[in-house]
Every structure is written in C-alpha cells, then in structure tokens.
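Comments concern the structure below.
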Amino acid sequence: MTVLGPSVSEAASAELAGTVRHVLRLDADLSGFYEAAAGDPDLSWVTAGAGRMIQSPTVFEDVVKTVCTTNCAWSATKRMVDAIVGHLGEPAAGAVDGEPFGRAFPTAEAMAEAGESFYRDVARAGYRGAYFVSLARSVAEGEVDLESFARATPDELPDEELEDRLLALPGVGPYAAAHIMMTIGRYHRLILDSWTRPTYAKLAGRKSASDAAILRRFRRYGPYAGLAFWLFVTRDWVD
DNA sequence: CGTCCAGGTCTAC
DNA sequence: GGTAGACCTGGACGC
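The opening residue of the first sequence carries number 0 in numbering that gives the first Met the number 0; numbering runs sequentially from there.
Quick look at the structure:
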C-alpha cells in the first residue's frame with residue numbers, strides 16, 4: 000500500500016485509517032478497567048484515558064518484536080528490529096530509504112525466505128535466528144494462525160488456552176506470552192521481567208517484592224491485572 | 001582484557 | 001512441577 004507517495008487512493012486511505020484505528024486501539028472499551036482503578040489511589044489517574052496499549056498491525060510483528068526484547072539490552076532489541084525491517088521489509092513507495100517508516104515490517108514469507116545466515120550475520124540475533132526461521136516458516140505455511148489469536152473472543156479462546164498456544168511458539172516463554180497477550184488486548188497476565196520487577200519494588204517503596212506479592216497487589220483488577228501493573232510501572236512515561 | 005548481564009527461554013535432570 | 005546451565009550479542013564495568 001502506498002501511503003507516502005504523491006497521492007493516496009481512496010481504498011488505500013480507508014485501509015490506512017483502519018490500520019491506525021487498530022494500532023492506536025481506538026475502539027477499545029476500557030470502562031471496566033477504569034471502574035476498578037477509580038478506587039485505587041495509585042491508579043485512579045488512569046481514568047483520564049490511559050491504557051490504550053499500542054499494537055502492531057499484525058500479531059506476527061508483535062511476536063517477532065517481543066522475542067527481540069528477550070535476554071538482551073533494549074539497544075540490541077532496536078538493532079535487531081531495525082535490521083529485520085531494513086533488509087526484509089517492503090519499501091514504502093515514495094519513502095526515502097533509511098528513514099523511519101520507510102519500510103513496512105516484513106511478512107512471514109519474507110522472514111522465512113531470509114534463512115538463518117541473515118539472522119546470524121546481518122541481524123546478529125544470535126540464537127534467536129533459529130526461532131525466527133521456525134516461527135516465520137510455520138506462519139507462512141499456515142500451520143500457525145497468529146492473527147486469529149487477536150480476533151478470537153475470550154469465550155472462543157480463553158486466556159489459558161491462548162497462553163498455551165503462545166508458549167508453544169519458539170522463543171516465547173512466560174514473559175513474552177504475557178507481553179504478546181497485552182498487545183492483543185488480553186490484559187490479565189502480568190509482564191514480569193528484569194525491568195518491571197525492580198521498578199515495581201521501587202515505586203511501591205520496598206527493597207524487593209516477590210512475584211506472588213505483586214500478583215496479590217493487582218489481583219483486584221481481575222482480567223485487567225496486567226494492564227494495571229503495566230500502567231503502575233510506566234506511570235512516569237505518561238506524565 | 002575478562003566478567004557480567006540486559007525487558008528470558010530451552011533442555012535436562 | 002521445579003530448578004541448574006547453556007545460550008548469541010554488545011555495552012558496561014573492574015582490573
């Protein structure tokens with residue numbers, strides 16, 4: 000789809016508007032979450048309209064990016080994603096190559112065709128390369144339908160089952176599954192990692208906090224526990 | 001220059 | 001079901 004060229008067709012314009020609505024989660028109804036947060040002094044601020052987690056146009060993109068956050072510094076995450084998009088993504092017509100938004104995130108087909116050498120020698124993704132090849136291949140072949148995960152309602156695909164499906168993906172463990180679930184609007188699981196744990200403890204005024212204690216703190220939010228936890232630890236990103 | 005580790009996961013007990 | 005060890009990479013640190 001051409002979105003940066005001299006003109007934009009009506010169809011492309013409508014498609015783009017839909018993608019923007021999706022990425023910015025404009026149709027999300029968070030009233031249930033706000034209801035619970037209103038009575039929590041530490042989180043009542045969110046009722047002003049916080050909590051619309053940005054998401055990628057596709058679940059595939061969020062899975063790949065999330066795996067790129069595991070077991071490495073944020074700088075490495077950006078380097079890997081930049082390489083994947085820059086070398087495998089389709090250039091947007093009219094865009095100046097190398098500039099932000101100049102390329103779309105690659106399709107599973109493109110990522111599958113790249114092969115392990117690309118991930119090892121160019122993206123320098125280390126052991127994650129095998130995960131990307133395996134993941135991209137199974138998505139490209141239709142063996143795994145990641146996009147259906149975002150479409151399915153909790154009735155059709157309960158959190159437990161969704162989490163199991165995500166955990167079955169190469170490179171996806173408890174942290175990544177929770178992260179991916181958040182991006183597709185399943186807010187129950189808490190994203191517990193080496194950054195959120197100490198950040199929570201610090202903000203809560205404790206030396207440390209066990210996972211069990213953190214889970215207890217946000218239990219009152221039920222299906223929104225993960226969202227409440229995330230906003231608690233990222234509050235200073237908003238203000 | 002060696003060690004540690006960062007927004008973890010996998011495998012083998 | 002729970003827990004050590006290994007695992008790519010590169011930037012930060014101590015020596």
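By construction, the Cβ of each residue, glycine as well, lies at the ideal position given by its N, Cα and C atoms.
- Compute the Euclidean distance between the alpha carbons of G225 and D81, then round it to the nearest angstrom. 28 Å
- Item | Best match in D61, W44, E112, V121 for proximity to R78 [C-alpha to C-alpha] | V121
- Note down, in chain order, each residue of its chain lying with its Cβ closer than 6 Å to the Cβ of Y220, except the 5 sequence neighbours on either side. A35, A227
- Query: Hey, quick one: how far does the alpha helix (DSSP H) through K77 stretch, first residue to last?
  - Reply: 73–87
- Item | Unbroken alpha helix (DSSP H) run spanning I213, endpoints | 210–217
- Provide the residue span of the alpha helix (DSSP H) that contains V232, from first to last. 224–232
- Query: Between which two residues does the alpha helix (DSSP H) carrying A35 extend?
  - Reply: 30–37
- Query: Taking the DSSP output, what are the residues bridged to P105?
  - Reply: Answer is none; P105 lacks a bridge partner.
- Task: Classify A206 as buried or exposed, calling it buried when 16 or more other Cβ atoms lie within 10 Å of its own Cβ.
- Result: The sequence as given places Lys at residue 206; Ala does not occur at that position. Classification of K206: exposed, given that the 10 Å Cβ count is below 16.
- Message: Determine whether the beta carbon atoms of L111 and R136 lie at a separation below 7 Å.
- Response: In the sequence on display, residue 111 carries Ala and not Leu. Yes, Cβ-Cβ distance for A111 and R136 is below 7 Å.
- Inside the stretch 117–141 only - alpha helix (DSSP H) runs reaching at least 4 residues: 127–139
- Message: What would DSSP say about P5, mapped onto helix, strand or coil?
- Response: coil
- Item | Three-way DSSP call (helix, strand, coil) for P173 in this model | Secondary structure of P173 (DSSP, three-state): helix.
- Task: Confirm, please, whether the CB-CB distance from D158 to R185 is below 7 Å.
- Result: For R185 and D158, yes; Cβs fall inside 7 Å.
- Item | Identity of the residue in H187, F59, V237 nearest I105 by Cα | Per the sequence presented here, residue 105 reads as Pro, with Ile not at that position. P105 has its Cα closest to that of F59, out of H187, F59, V237.
- Message: Which of the three DSSP states is assigned to Y197 in this structure?
- Response: It should be noted that the sequence gives Pro, not Tyr, for residue 197. Note: P197 maps to helix in three-state DSSP.
- Task: With a 10 Å radius around its C-beta and 16 neighbouring C-beta atoms as the bar for buried, classify F100 as buried or exposed.
- Result: The C-beta of F100 has fewer than 16 other C-beta atoms within 10 Å across all chains shown, which makes the residue exposed.
- Closest by C-alpha distance to R24, when choosing among G50, F231, D61, H178: G50
- R164: first and last residue of the uninterrupted alpha helix (DSSP H) it sits in: 158–166
- Item | Inter-stretch contact at 8 Å, needing at least 3 Cβ pairs: the stretch 65–72 / the stretch 165–181 | yes
- Use the C-beta contact count for L134: other C-beta atoms within 10 angstroms, 16 or more gives buried, fewer gives exposed. buried
- Item | Close Cβ partners of Y33 (< 6 Å) along its chain, the five nearest in sequence each way excluded | A distance below 6 Å between beta-carbons, with the five flanking residues on each side excluded, links Y33 to the following residues of its chain, in chain order: T46.
- By how many angstroms is the C-alpha of V232 removed from the C-alpha of T198? 6 Å
- Item | For S147, the nearest candidate out of F131, Y130, L165 (CA to CA) | Distance check between S147 and each of F131, Y130, L165 places L165 closest, using alpha-carbon atoms only.
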